[in-house]
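Chains as they are written, first to last, in our numbering: chain A, 1 to 283; chain B, 1001 to 1283; chain C, 2001 to 2283; chain D, 3001 to 3283.
There are 4 protein chains.
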Amino acid sequence: MEQVYRLVMSCPDQQGIVAKVSQFIAQYNGSILEANHHTDTQSQWFFMRHEITASSLPFGLATFREAFAPIAKNLDMQWHISDSTVKNRVVLMCSKQSHCVADILNRWHSGDLDCDIPCVISNHEDLRALVEWHGIAFYHVPVGDDKAAHFAKVSEIIAKHQAQTIVLARYMQILPPAVCEQYAGRIINIHHSFLPSFAGAKPYHQAFERGVKLIGATCHYVTCDLDEGPIIDQDVARISHRMQPEDMVRLGKDVEKLVLARGLQLHLEGRVIVHNHKTVILD
Amino acid sequence: MEQVYRLVMSCPDQQGIVAKVSQFIAQYNGSILEANHHTDTQSQWFFMRHEITASSLPFGLATFREAFAPIAKNLDMQWHISDSTVKNRVVLMCSKQSHCVADILNRWHSGDLDCDIPCVISNHEDLRALVEWHGIAFYHVPVGDDKAAHFAKVSEIIAKHQAQTIVLARYMQILPPAVCEQYAGRIINIHHSFLPSFAGAKPYHQAFERGVKLIGATCHYVTCDLDEGPIIDQDVARISHRMQPEDMVRLGKDVEKLVLARGLQLHLEGRVIVHNHKTVILD
Amino acid sequence: MEQVYRLVMSCPDQQGIVAKVSQFIAQYNGSILEANHHTDTQSQWFFMRHEITASSLPFGLATFREAFAPIAKNLDMQWHISDSTVKNRVVLMCSKQSHCVADILNRWHSGDLDCDIPCVISNHEDLRALVEWHGIAFYHVPVGDDKAAHFAKVSEIIAKHQAQTIVLARYMQILPPAVCEQYAGRIINIHHSFLPSFAGAKPYHQAFERGVKLIGATCHYVTCDLDEGPIIDQDVARISHRMQPEDMVRLGKDVEKLVLARGLQLHLEGRVIVHNHKTVILD
Amino acid sequence: MEQVYRLVMSCPDQQGIVAKVSQFIAQYNGSILEANHHTDTQSQWFFMRHEITASSLPFGLATFREAFAPIAKNLDMQWHISDSTVKNRVVLMCSKQSHCVADILNRWHSGDLDCDIPCVISNHEDLRALVEWHGIAFYHVPVGDDKAAHFAKVSEIIAKHQAQTIVLARYMQILPPAVCEQYAGRIINIHHSFLPSFAGAKPYHQAFERGVKLIGATCHYVTCDLDEGPIIDQDVARISHRMQPEDMVRLGKDVEKLVLARGLQLHLEGRVIVHNHKTVILD
């Protein structure tokens, strides 16, 4: 894949934003590989993402940032630009179930998921061998009576590995608010239901009780409100009256791992912007 | 289509049910065109549906019922048998929106939906021409301050037309408990969300606010608890951040009419058995 | 809906296209409601579509065209701009089956499909009443031994009604090359299979013979090569071994009408650009 | 999971089959956990599958077979009965790509796929570490100029491990007719297109060229006719004009591994009966 810069921005809507930004890119002969805009007409907010081939520009990221800053300031932007060849550092957290972790690791191992995975943290030992086989550090941090101690240790590991993104790959603990806030917009969870239906514990059992005809999974950013964070992706699978909750658990795994992988991919490519508790997906 | 008898039953599970029923059919040389069973292992309940070609049996429904009654009694069955050539009488109720009514009427008119539609009842005049063009009686029963009067009139029309099934095809009123009970298991509603998410009013606006990535529709039997009845069918459609609530409304219509048509078809073919607030679909 | 101008263009790719176009729009304070680009990296071709609010511009379409022409010429563009309030004139052609025509007419009648439908042409009388009930002219042009006479008459009607788009809504005849060429990129067909599987006659029977597990439908532009035109949209539905070809025909109708409606909607909104026998969908 | 016997049969249709079989089961107090029938009305052929709890029967499989044989003979059945606790021996064959193998191994390892996997055979070394980490033997059998030698070696390994089922998990070689015939109905392949579209080599590139809007995968039994065997399962994923063939390859992997896993599961549970080049799926 060609080296590209991903320029992602959002700002109050006004006329001429695209012109100013594209004029800036054009004046340096930047070659735009992909561009997406969105205007939220309710909140009058504007969103844009560009992929610019690095080879077409006469300078690197540092100079780009400097040169672009006045425009961004003038338009009151929140923005960032990243280099597609600099990998995002993703820490996985899990518990006993392997399907999501195994799926992410296989994608990473076969080159389909473009990131670094410095370590995996779990409150159980079960997945150590799987993780270590991939050459990735595995930390077992048990959850005892002292939850605070658990999370202190977890935070220390995350910090040590300079995680930029945290993926809760069926990690069954609720993160403390301090962690949620520190990594706001960078912690991705997979919930095993079609939210807002069946938030909380044992969603497949809730789905079984209600008699729904489809089960689902939801990939979302974690906030302090459990299962209430901005949704990145969702999907469903058809079930029948023949399925017991344990059958749904098994079928649901396929949806969970797919939705998590898609959500993580979108996040890593800088295609997700959070705005007013919702996401704009620029793909 | 060949004339068939549809024998639908449920009873406490025990060994030998299938043997007894199939033995009964075989002794009269009945030819089974289709058979479906289900055992709910939690409640130890058994469900079965047969399609038997009428021409293979030496007698009609009346004699069948008489001959079969002792077996049914012995097995403590709830059961019924119906003749595929005797059409179910379906009364439609609607309000202003045409998509569900137009879709059902087109299916009926082109011979794809096998039922009689003696009349359509609405609290608005909007759909009169559409309905009458199909040669079907249209009753406009306005909802004023006196809701009781409205429902008395509605009940009278339903009774007069000897409705066996009532379809709420985007009828926006809540039926009184007495009607719900009288036609229990025979009133089908389409709700414009993926229940249990977004029950109640304006579900697309709720979906927009929450930022879900799929919208849905739910076809269910009506009970006294609003949007809580047994679910017959559901489906979803993918949306994007670009869609405003009114776009969801438009896209949702496609899901609503499809899910309602499928649910009604299953009901008319006697494939739906309600058990413990859920449905068993024998297809 | 607000009045917008839809500016749709394609041209050889080069740096600065977006800058030039957005600069043009910005200099007149044009407000961009929606913008989509695409670069085909293989053929080095660029595609773009803008929705600009008419009220934000100081002039109308005629002046826009004049002012924009030099830029377009300079960039070697194929382009057009249209006014969302000027309705496209769509002629429907059909045979005996009603599902696609009824679905399109219902969408049009309820205001969800934004176009004019000056007339419907059919080689059978079956759908006259349905069409005329909507206040639309119906032409019965039988197909006899003299096919040329049939198509001469059809062409005359199309021309008389100044059709901009022709929709073959299960019209079972093959249009002559002259018509295909005259209306290239403006004739939309619905084929009742997932092309390229099962091109030609009786696709559901072909699907039944092959034992596929999903059936589909394909909406495409008509070219002189039967069932080979650029694909606009496709979708599928799951089937089972229980379904006979006639069951597939019935189920397939739901897919056909949905895919045709979606494809037509994309076409009417100017979101479809044909390039090298394929379509770019700017949505 | 409870130990069950799976009784699977097919025979010319006639009246009384279900009665005879269920009578047989009932006379020994067999408890039927699940039952499915199907009658192919075209060929007048009958299909049935029962799950009978082993603990409810007074004898084991050997006696069951003996006692049931006269009935089967009388009805001219093809039939077999298997014990759910006796695992099917599945040999995987692969090449370089890991997604299908990794997915199957993870399902097997986490207990969701109920079979034995005595070995994996590949014409490349790439997946050795992955396979061996799961404690499964890995055989590297290169394909050189002498294809016959390759397949002789492969056949020897398959025979040595007493494979009951062979899964071609993106094994890119064409098996010789002798192997196809020896293991007829027991070799499962995943083809990376929605067959019959894009049979043969490089289906994603074919799909790209044609401009389809959905890509798919097909799980089928292998016969001597390449990509023509009976289809077990299929599914699709939506693509856009933005995707290059390599993007389709990546997205397609998700469909391939899911469809293969579902097809294999159906096969292992004895739910698939091949009849006239098509499959009946009794689920």
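Ideal Cβ placement from N, Cα and C applies to all residues, glycine included.
I want to verify the contact list: residues of chain B whose CB lies under 9 angstroms from the CB of residue i, in sequence order.
{"i": "N2074(C)", "result": "Those within 9 angstroms of N2074(C) in chain B number zero; the least Cβ separation is about 31 angstroms."}
Answer with yes or no whether the minimum CB distance from residue i to chain A is below 8 angstroms.
{"i": "L2214(C)", "result": "no"}
{"i": "H1050(B)", "result": "no"}
{"i": "R3089(D)", "result": "no"}
{"i": "H3124(D)", "result": "no"}
Please classify residue i: does DSSP put it in a helix, a strand, or coil?
{"i": "A1063(B)", "result": "For the sequence presented, residue 1063(B) should be read as Thr rather than Ala. Note: T1063(B) maps to helix in three-state DSSP."}
{"i": "G211(A)", "result": "coil"}
{"i": "Y5(A)", "result": "strand"}
{"i": "M3248(D)", "result": "helix"}
{"i": "A3289(D)", "result": "Absent from the model: residue 3289(D). The displayed extent of chain D is 3001 to 3283, so no value can be given."}
{"i": "V86(A)", "result": "coil"}
{"i": "Y2183(C)", "result": "coil"}
{"i": "H1275(B)", "result": "strand"}
{"i": "G2216(C)", "result": "strand"}
{"i": "V2236(C)", "result": "strand"}
{"i": "H3080(D)", "result": "strand"}
{"i": "P1012(B)", "result": "strand"}
At what residues does the alpha helix (DSSP H) containing residue i begin and finish?
{"i": "N106(A)", "result": "H99 to H109"}
{"i": "K2278(C)", "result": "Careful: K2278(C) lies outside any alpha helix (DSSP H), inside the beta strand (DSSP E) at K2278 to I2281."}
{"i": "F151(A)", "result": "K147 to K160"}
{"i": "Q1027(B)", "result": "I1017 to Q1027"}
{"i": "R1128(B)", "result": "R1128 to W1133"}
Following the continuous beta strand (DSSP E) through residue i, name the residue where it begins and the one where it ends.
{"i": "V1090(B)", "result": "V1090 to C1094"}
{"i": "V3141(D)", "result": "V3141(D) -> no beta strand (DSSP E), and no H or E assigned at all."}
{"i": "R3170(D)", "result": "Looking at the DSSP string, R3170(D) is not in any beta strand (DSSP E), and its letter there is neither H nor E."}
{"i": "S122(A)", "result": "C119 to S122"}
{"i": "L1033(B)", "result": "I1032 to D1040"}
{"i": "I1052(B)", "result": "W1045 to T1053"}
Quick check: is the beta carbon of residue i nearer than 8 angstroms to any beta carbon in chain C?
{"i": "V3018(D)", "result": "no"}
{"i": "D1254(B)", "result": "yes"}
{"i": "W1108(B)", "result": "no"}
{"i": "A35(A)", "result": "yes"}
{"i": "K3278(D)", "result": "yes"}
{"i": "I1061(B)", "result": "Residue identity check: residue 1061(B) is Leu in the sequence provided, not Ile. L1061(B) does not count as touching chain C."}
{"i": "L1258(B)", "result": "yes"}
{"i": "A26(A)", "result": "yes"}
Would a check of beta-carbon distances place residue i closer than 8 angstroms to chain D?
{"i": "S1010(B)", "result": "no"}
{"i": "A169(A)", "result": "no"}
{"i": "S95(A)", "result": "no"}
{"i": "V2101(C)", "result": "no"}
{"i": "S98(A)", "result": "yes"}
{"i": "V2236(C)", "result": "yes"}
Anything in chain B within Cβ reach of residue i, meaning under 7 angstroms, just list it in chain order.
{"i": "H38(A)", "result": "H1241 and R1242"}
What residues from chain A crowd round residue i, counting only those whose CB sits closer than 9 angstroms?
{"i": "H3267(D)", "result": "Result: empty, since nearest Cβ-Cβ is about 17 angstroms, beyond 9 angstroms."}
{"i": "I1281(B)", "result": "K213, S240 and H241"}
{"i": "W3133(D)", "result": "A129, L130 and W133"}
So which residues of chain C does residue i contact, with C-beta pairs closer than 8 angstroms?
{"i": "I81(A)", "result": "Those within 8 angstroms of I81(A) in chain C number zero; the least Cβ separation is about 17 angstroms."}
Residue i versus chain B: which residues are under 8 angstroms apart at the beta carbon?
{"i": "G3030(D)", "result": "Q1015"}
{"i": "R2250(C)", "result": "D1112"}
Counting contacts by CB-CB distance shorter than 8 angstroms, is residue i in contact with chain B?
{"i": "V272(A)", "result": "no"}
Find the residues of chain C that neighbour residue i, judging by a C-beta separation of less than 9 angstroms, and give them in chain order.
{"i": "Q44(A)", "result": "Near Q44(A) there are no residues of chain C at all, since even the closest Cβ is about 11 angstroms away, more than 9 angstroms."}
Whose Cβ in chain D lies nearer than 7 angstroms to the Cβ of residue i?
{"i": "Q1023(B)", "result": "A3019 and Q3023"}
> Any residues in the stretch 182-202 of chain A with a beta carbon nearer than 9 angstroms to a beta carbon of chain B? Which ones, in chain order?
Replying inline: F194, L195, P196, S197 and F198
> Using Cβ-Cβ distances below 7 angstroms, what residues of the stretch 2206-2233 of chain C are close to chain D?
Replying inline: R2210, G2211, V2212, K2213, L2214, P2230, I2231 and D2233
>> Counting only Cβ-Cβ distances shorter than 8 angstroms, please list the residues of the stretch 1139-1165 of chain B near chain D, keeping chain order.
In response: none
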